[in-house]
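Here the sequence shown stands for residues 1 to 492, where the numbers follow the UniProt record's numbering.
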Amino acid sequence: MSTLFVVGEVERAEVTRALDALAGVCDRRVQVADLPGLFVRLYSDRLAGSRWNYEEGVSVVVHAGGSAESRELDATFRAFLPVFNLVALEQRAAAARLPELLRELPAQNAACRDRIRRMAHWMYYGGSGSCSSRVYSIVRQLRATGEPRSAARAIPSAVEAVDFVSLLAGATRGGEPRYWRLLSTWGFQPHSLGAAELVYCAFVLLRKLSADAGVGLSDNRLLLFLFTLEASYHQVNKFHNFRHAVDVMQATWRLCENIIDDRLQVLLLSMAAIGHDIGHPGSNNMLLTKFGAPVATAYGESVLENMHKDFFQQLLKSQWPQLLGLSQSLCKGESQYNLIAETILATDMALHAEYVDKLKENHRIDNLKMLTSLIIKAADISNVTRPLAISAQWAYLITLEFRDCSLLEEYQAKGDGGQSAPQDEESGHTNSGRLLSPDELVDKYPCIPGGQIFFIDTFAEQFFKEFCQKFPELNFLIDNVQSNKKFWLEKL
1 MSTLFVVGEV ERAEVTRALD ALAGVCDRRV QVADLPGLFV RLYSDRLAGS
51 RWNYEEGVSV VVHAGGSAES RELDATFRAF LPVFNLVALE QRAAAARLPE
101 LLRELPAQNA ACRDRIRRMA HWMYYGGSGS CSSRVYSIVR QLRATGEPRS
151 AARAIPSAVE AVDFVSLLAG ATRGGEPRYW RLLSTWGFQP HSLGAAELVY
201 CAFVLLRKLS ADAGVGLSDN RLLLFLFTLE ASYHQVNKFH NFRHAVDVMQ
251 ATWRLCENII DDRLQVLLLS MAAIGHDIGH PGSNNMLLTK FGAPVATAYG
301 ESVLENMHKD FFQQLLKSQW PQLLGLSQSL CKGESQYNLI AETILATDMA
351 LHAEYVDKLK ENHRIDNLKM LTSLIIKAAD ISNVTRPLAI SAQWAYLITL
401 EFRDCSLLEE YQAKGDGGQS APQDEESGHT NSGRLLSPDE LVDKYPCIPG
451 GQIFFIDTFA EQFFKEFCQK FPELNFLIDN VQSNKKFWLE KL
């Protein structure tokens, strides 16, 4: 869905006519008084979890400043709202570029609303043409990450003015005790939480962990970091989104509670977990490589994992440099070990068999690099270790994402003749909002049991058997895997 934002007053008649024409190719027109008001509206819409997520269309921001302010505003969008499709235009430029905008925006909006065409653009777009400044692509974010000024970017006054705590007012009802009850159990159920509640979950946990480690931020600065991180994940993805990131962070923290005593290490590993899939396109390394995505050329191997590492370290460099410095200087007495970077790279499933072999070969896991890598790997695939009702929801969502990967492969192979897919309303909920039961999910998608058995047999069961032998206090993990496997086998 596309929005025409008008910031401030419009005084020229030709600009008024241009705005009226632009409103005709956008889904709504919104007037805001100033730039802080614009950012409040952008963040509020994103938290609502609705179609106004700024990924399913191109939104145009027309303001009263000059061309230099437009460039600065575009740079701010890239830094703080990375996956949003936003373009800034000063009023006279909007009038001058009206024919171009009227010609191109409808097609770009249509592409953004189609799941497969949208994914294809994210992954394969090479960065030339007018679309490069309006629609998100991995190439665009890679270029922004490499800009010299990006590391030291000051927080713009329009963003600094946002009271992020007040934006979460609706999510804080019930207070922090409610969130600690949610976070403190292996039955953590993120599928019943909205975007604001997920941000608040992360805030509550990371505020405590960072304070315990002596590297805390102010509440508003920590929330800015989390809002930026959420806006770096594709909310429109079925599985690889901010919900998955929070889930893996929670699992990592719970595992650390049983295994790691060092407070800084727990914080760094939890941070790696919430950032480990930043910018994920909902696809996989094979499809990126097969069809020559620029990011595959840039990295060669562990493509997505290297991308996630670089995107997340860039965010930390910009907004939490102290933490990144601590991660990079860990274990100087041995060999230099960047905990955040190395553990994100460990999530590449192509390396999975190597970690299983290392678990078999080592009687004890006392090497920090190996230990932290195993913890984040366990957390990353922990959906099969959750109670069945929760595990089944994750199974359903990954099934939907795999379906889109198949459609994307067909689309790329056939070009415009491939099958695209308009945005759907698929949900793991009933019409009344209740989460579907495992039996209902299987009725809806009979292929789920086979997919779960394949994943458990190929990856999860042997890994968690070996992992739990090293850490017997975590035996509930393998118990849940085997209990869930029994259910899925009965559904074949």
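Even for Gly, the Cβ is constructed at its ideal location relative to N, Cα and C.
Asked                                                                                                                                                                                            : Found
Tell me which same chain residues have a C-beta within less than 8 Å of the C-beta of cysteine 131, skipping the five on either side of it?                                                      : In this prediction, cysteine 131 has a pLDDT of 48, which is less than 50 and means its spatial position is unreliable; nothing more can be read from the coordinates.
For tyrosine 337, which beta-bridge partners are listed by DSSP?                                                                                                                                 : Leu330
May I ask you to report which of helix, strand or coil DSSP gives valine 32?                                                                                                                     : strand
Which partner residues does valine 7 have in the DSSP bridge list?                                                                                                                               : Val32
Hey, out of Leu326, Met123, Ala341, Leu4, whose CA is closest to phenylalanine 311's CA?                                                                                                         : Ala341
When you compare only the Cα positions, how much space is there between tyrosine 337 and glutamine 328?                                                                                          : 6 Å
Taking isoleucine 260 as the reference, which of Leu182, Gln91, Lys369 has the closest Cα?                                                                                                       : Lys369
I'd like to confirm the pairing. Which residues does DSSP put opposite aspartate 457 in its beta bridges?                                                                                        : Answer by DSSP bridge pairing: none, since aspartate 457 is not bridged.
Rounded to whole angstroms, how far is the Cβ of leucine 339 from the Cβ of leucine 255, which I believe are closer than 8 Å?                                                                    : The Cβ separation is near 15 Å, so there is no contact.
Below 8 Å on the Cβ atoms is my guess for leucine 223 versus valine 159; work out the distance and round it to an integer in Å.                                                                  : Leucine 223 to valine 159, Cβ: 11 Å. No contact.
Going by Cα to Cα distance, which pick from Phe225, Ala273, Leu388 is closest to histidine 240?                                                                                                  : Ala273
Identify, in the order they occur along the chain, each residue of the same chain with its Cβ nearer than 7 Å to the Cβ of proline 106, setting aside the five sequence neighbours on each side. : Val25
Span of the beta strand (DSSP E) holding histidine 276?                                                                                                                                          : Premise fails: histidine 276 is in no beta strand (DSSP E) and is neither H nor E.
Which of the three DSSP states, helix, strand or coil, is assigned to histidine 352?                                                                                                             : helix
Buried or exposed: aspartate 163, going by 16 or more other Cβ atoms within 10 Å of its Cβ?                                                                                                      : exposed
Assess contact between the stretch 196-207 and the stretch 215-230, defined as three or more Cβ pairs (one per stretch) separated by less than 8 Å. Is contact present?                          : yes
Spatial neighbours of isoleucine 390 within its chain, please: C-beta separation below 6 Å, excluding the five flanking residues on both sides.                                                  : Gln189
Taking 8 Å as the cut-off, does the stretch 22-37 touch the stretch 179-189 (at least 3 CB pairs, one atom from each stretch)?                                                                   : no
When the Cα atoms are used, what is the spatial distance from leucine 98 to glutamine 452?                                                                                                       : 51 Å
Check the DSSP bridge columns for serine 302 and list the partner residues they point to.                                                                                                        : Its beta-bridge partners do not exist; DSSP assigns none.
Pairs of beta-carbons, one from the stretch 136-144 and one from the stretch 4-21, closer than 8 Å: are there three or more?                                                                     : no
Compare the C-alpha of alanine 395 against each of Ala379, Tyr445, Met349, Ala421 and name the closest.                                                                                          : Tyr445
Quick one: measure Cβ to Cβ for arginine 251 and serine 373, integer angstroms, because I've assumed they're closer than 8 Å.                                                                    : Residue identity differs from the one stated: residue 251 is alanine in this sequence, not arginine. Not confirmed; about 15 Å, so no contact.
If you drop the 5 nearest sequence neighbours on each side, which residues of the same chain put their C-beta closer than 6 Å to that of methionine 249?                                         : Ser270, Ala273, Ile274
When the Cα atoms are used, what is the spatial distance from histidine 191 to arginine 243?                                                                                                     : 8 Å
Following the continuous beta strand (DSSP E) through histidine 63, name the residue where it begins and the one where it ends.                                                                  : 59-63
Got a sec? Which residues, its chain only, sit under 8 Å from glutamine 482 by beta carbon, not counting five neighbours each side?                                                              : Glu461
DSSP state of serine 130, grouped into three classes?                                                                                                                                            : Confidence at serine 130 is low in this model, with a pLDDT of 48, below 50, so its placement is unreliable and the value that follows should be read with caution. Residue state, collapsed to three classes: helix.
Alpha carbon to alpha carbon, how far is lysine 377 from alanine 296? Give it in angstroms, no decimals.                                                                                         : 23 Å
Based on Cα-Cα distance, which residue from Pro156, Ala195, Ala95, Thr185 lies nearest to serine 50?                                                                                             : Ala195
Is it buried or exposed for phenylalanine 454, if we count other Cβ within 10 angstroms and need 16 for buried?                                                                                  : exposed
Between the C-alpha atoms of valine 87 and threonine 458, what's the straight-line distance to the nearest angstrom?                                                                             : 45 Å
What is the DSSP secondary structure of leucine 436, counted as helix, strand or coil?                                                                                                           : coil
Using the beta-carbon count (16 or more within 10 Å), is lysine 290 buried or exposed?                                                                                                           : exposed
Identify the continuous beta strand (DSSP E) that holds alanine 111 and give its terminal residues.                                                                                              : Unbroken run through alanine 111 is the alpha helix (DSSP H), 98-113; no beta strand (DSSP E).
Sorted by chain position, which residues of the same chain lie with C-beta nearer than 7 Å to arginine 118's C-beta, five sequence neighbours on each side aside?                                : Ala111, Cys112
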